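Enquirer: All residue numbers for the sequence shown refer to this note's numbering, where the first residue is 291 and numbers rise by one.
Dropping a structure here in structure tokens format, bear with me for questions.
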Amino acid sequence: MEVLLPLLVFSLSFIFGSFLEYWIHRIFHVSSKHPIKRLFPKLGQGHTQHHISGTGQGFLWEFRNYVFGINVVLFPFFLHSWILGISWFLGCFIYAAFAAFAHQLQHDNPIKCFWLPMPVHYVHHKYNQWHHNFGIGVDWWDRLFGTYRPTSTWLTEKEQRTADQKLWQIKWL
291 MEVLLPLLVF SLSFIFGSFL EYWIHRIFHV SSKHPIKRLF PKLGQGHTQH
341 HISGTGQGFL WEFRNYVFGI NVVLFPFFLH SWILGISWFL GCFIYAAFAA
391 FAHQLQHDNP IKCFWLPMPV HYVHHKYNQW HHNFGIGVDW WDRLFGTYRP
441 TSTWLTEKEQ RTADQKLWQI KWL
């Protein structure tokens, strides 16, 4: 039981990180007339530029943004105990690293996202899906909240050209 609770907290924080990433990305896509955008008008301001350029910033910069996005939820379990605090922190931190890697990989070499049947973020960009496929590292939340839009034609000759690249051959900086 001593190991089970920290593992559960770690797992929950990893899942929570994916949930937070999904909703933040989804909020970036709401209209400027939406109440949340009226309350926070600068929210997601640079996101439109990201869609115009169609590239990632590099793993390090993506990681910085994800850590910034989750920093308000990194420390609550420390109020209960150090072990649970470290477990929660590590789950969020590791999800941020995974999401940063997955985001950059989907821009640089989407065919290598072996854990996804379809690289949702890549398809989100390729087909300008402003209201679909908000997931970065996972597609669970898109499926759960009805924003998943499968596209069987995403794998074209363009994506096949990067098939020989290694998984780690992404823009790091």
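For each residue, glycine too, the CB sits at the ideal point set by N, CA and C.
Please read these numbers as outputs of a predicted model, since none were measured by experiment.
For residue 441, tell me which candidate among 415, 435, 337 has the shortest Cα-Cα distance.
Expert: 415
Enquirer: May I have the straight-line CA-CA distance separating residue 319 from residue 292, to the nearest angstrom?
Expert: Roughly 42 Å between the two C-alpha positions.
Enquirer: If you follow the alpha helix (DSSP H) that residue 382 is in, where does it begin and where does it stop?
Expert: 372-398
Enquirer: Taking its Cβ as the centre, do 16 or more other Cβ atoms sit within 10 Å of residue 347, making it buried, or is it exposed?
Expert: It counts as buried.
Enquirer: Does the distance from the C-beta atom of residue 364 to that of residue 379 stay below 7 Å?
Expert: In this structure, residue 379 lies closer than 7 Å to residue 364 by Cβ.
Enquirer: Rounded to the nearest angstrom, what separates residue 372 and residue 418 at their Cα positions?
Expert: So the alpha carbons of these two residues sit roughly 44 Å apart.
Enquirer: Looking at C-beta atoms only, is the number of pairs between the region 449-462 and the region 399-413 that lie closer than 8 Å three or more?
Expert: Three or more pairs of CB atoms, one per stretch, sit closer than 8 Å, so the region 449-462 contacts the region 399-413.
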